[in-house]
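Here is the structure we will look at, set down as structure tokens.
In this note's numbering, the protein residues as written are 84 to 226.
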């Protein structure tokens, strides 16, 4: 039995929460070496691995375009899974806004200033981007 097959058996019989980050990445990428190289390159920081553009992922040894696309595709799938359709929600606090926009904004590469538009019953209508900034700040001019 191959090492990946052993990991899959561990996943099935012990549960995914029993696997390390490297083991989970190995199963996902179907390669222990790719998982190891990614974790080493990004200092074992999963958030870094899953928030890097495709072209930067390709700088890692053994990571080709297909693998980099696969990683970024799963990020998009997760964002879509976490997305809550806004039309069904009323906004009463900042935590309500976070529930709607958090998944969409959590992995942005640069800061954005957004305005949330509500109707008279505090129901979410839409969100508009007012300004985009750098990786750590955004300029907003009040007129």
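Every residue gets a Cβ at the ideal spot worked out from N, C-alpha and C, and that includes glycine.
query                                                                                          : result
Same chain, Cβ closer than 7 Å to residue 151, neighbours up to 5 away in sequence not counted : 137, 140, 141
Pair within 9 Å by beta-carbon distance, residue 114 and residue 145                           : yes
Under 9 Å between C-beta atoms of residue 180 and residue 199                                  : yes
C-alpha distance - residue 124 paired with residue 226, whole-angstrom precision               : 45 Å
Coarse secondary structure for residue 180, derived from DSSP in three states                  : helix
Cα-Cα separation between residue 178 and residue 88, rounded to whole angstroms                : 42 Å
Per DSSP, the bridge partner or partners of residue 214                                        : 196
For residue 201, the residue or residues it bridges with in DSSP                               : 207
C-beta atoms of residue 183 and residue 201 nearer than 9 Å                                    : no
Proximity below 9 Å, CB of residue 154 to CB of residue 133                                    : yes
Rounded separation between residue 223 and residue 211 - CA only                               : 14 Å
Burial state of residue 86, where buried means 16 or more other Cβ atoms lie within 10 Å       : exposed
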